[in-house]
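Numbering (the working numbering), first residue to last: 155 to 228.
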Amino acid sequence: MRLGQIETQARELLRLRPGSVVQLDKKVGEPVELFLRGVRFATGQVVVVGEHLGLRITEIIPPESSEELAAQPA
155 MRLGQIETQA
165 RELLRLRPGS
175 VVQLDKKVGE
185 PVELFLRGVR
195 FATGQVVVVG
205 EHLGLRITEI
215 IPPESSEELA
225 AQPA
């Protein structure tokens, strides 16, 4: 699952440590797309669940066929 994207410089990546926080380009309430093996299979919305972030599925996109996903390399 991809929950956002960022652009950063290599030196910033080298500074990452356990506990580091990376701010994504998605905020609570914004739509996100869910991909499996490069194929979009659902859309959702970022939500707050207690002290955590979660994802509410808002739409399931049926594949053309179940073999389509299985045939793609992982």
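Heads up, the beta-carbon is just placed ideally off N, CA and C, and yes, glycines get one too.
Thinking C-alpha only, which one of the options is nearest residue i?
i    : options                   : result
G183 : Q177, R194, L207 and F189 : L207
F195 : S174, R169 and V186       : V186
T212 : E218, V193 and L188       : L188
D179 : T162, I214 and R210       : T162
State the beta-bridge partners of residue i as determined by DSSP.
i    : result
G173 : According to DSSP, which records beta bridges pairwise, G173 is partnered with nothing at all.
P185 : Q199
Span of the alpha helix (DSSP H) holding residue i?
i    : result
E166 : A164 to L168
Between residue i and residue j, which are expected to be in contact by the criterion C-beta below 8 Å, what is the C-beta distance as a whole number of angstroms?
i    : j    : result
V193 : P217 : 7 Å
V200 : K181 : 7 Å
Got a sec, what are the start and stop residues for the beta strand (DSSP E) residue i sits in?
i    : result
G192 : From DSSP, G192 is part of no beta strand (DSSP E); its letter is neither H nor E.
G267 : With the chain running from 155 to 228 in the structure shown, residue 267 is simply not present.
Give the straight-line distance between the Cα atoms of residue i and residue j, rounded to the nearest whole angstrom.
i    : j    : result
L249 : T197 : Nothing can be reported for residue 249: it is not among the residues displayed for the chain, which extend from 155 to 228.
R165 : G173 : 17 Å
R210 : L167 : 29 Å
Say whether chain D places a C-beta atom closer than 9 Å to the C-beta of residue i.
i    : result
R169 : Although the question refers to chain D, the structure presented lacks it and comprises just one protein chain.
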